[in-house]
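Numbering (the numbering used here), first residue to last: 113 to 225.
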Amino acid sequence: MKWTLDSLERALRKALASSSKLKLGELPPNLAADVTWGSSPAKIRVDGHKVGIRPAVIHELLHVVLDEDLKPFDAQIQEVIIEALEKTIDARVSNSKRRIRWWRTSIQTKTTK
Ligand SMILES: [Zn+2]
């Protein structure tokens, strides 16, 4: 399968909606967001006082969704790739009221239930 921005965002949405837990709150000083995965659901934590919540959630979901595809790269290179994709995907979301609303609503739903 070949990733496109479309299929990647779709996979991120699906991962957020159906197989992840999201917690907003204070994290240690050196940590703004993290994710643990391997068993479903993935657990995402974001400290919204340090970073933008939506870009951080997209970033952590990219780790989950691209896990297999990024296996050939070490952790440092994975981080470079994911940071670039985070910016691209988040900019794409920013350009669409519909996409902004989907992410806002979904993140709110995840954190209030
Ligand atoms: Zn990362």
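We treat Cβ as the ideally placed atom computed from N, Cα and C, and that holds for glycine.
Does DSSP put residue i in a helix, a strand or coil?
i, result
"K222", "helix"
"A154", "strand"
"D146", "strand"
"L136", "strand"
"D118", "helix"
Any chance the CB of residue i is under 7 Å from a heavy atom of ligand 2?
i, result
"H175", "In terms of ligand content, the structure shown lacks ligand 2 and carries ligand 1 instead."
Under 8 Å, do residue i and residue j count as touching if we go by C-beta distance?
i, j, result
"E172", "A145", "yes"
"A154", "A127", "yes"
"L182", "L124", "no"
"I219", "L134", "yes"
Of all the options the options, which has the alpha carbon lying nearest to the alpha carbon of residue i?
i, options, result
"S151", "T223, D179, K114 and I193", "D179"
"P140", "S132, R157, A196 and A129", "R157"
"S206", "M113, D159, G164 and L136", "G164"
"H161", "G137, V176 and V177", "G137"
Whose C-beta lies closer than 7 Å to the C-beta of residue i among residues of the same chain, with five residues either side of it excluded?
i, result
"I170", "L124, E198, I201 and D202"
Among the residues of its own chain, which have a CB less than 6 Å from the CB of residue i, if the five just before and after it don't count?
i, result
"I148", "Inspection of the sequence shows that residue 148 is occupied by Thr rather than by Ile. Answer for T148: K155, listed in chain order."
| query | Where are the alpha helix (DSSP H) runs, 4 residues long or more, that stay fully inside the segment 195-219, in chain order? | reply | none
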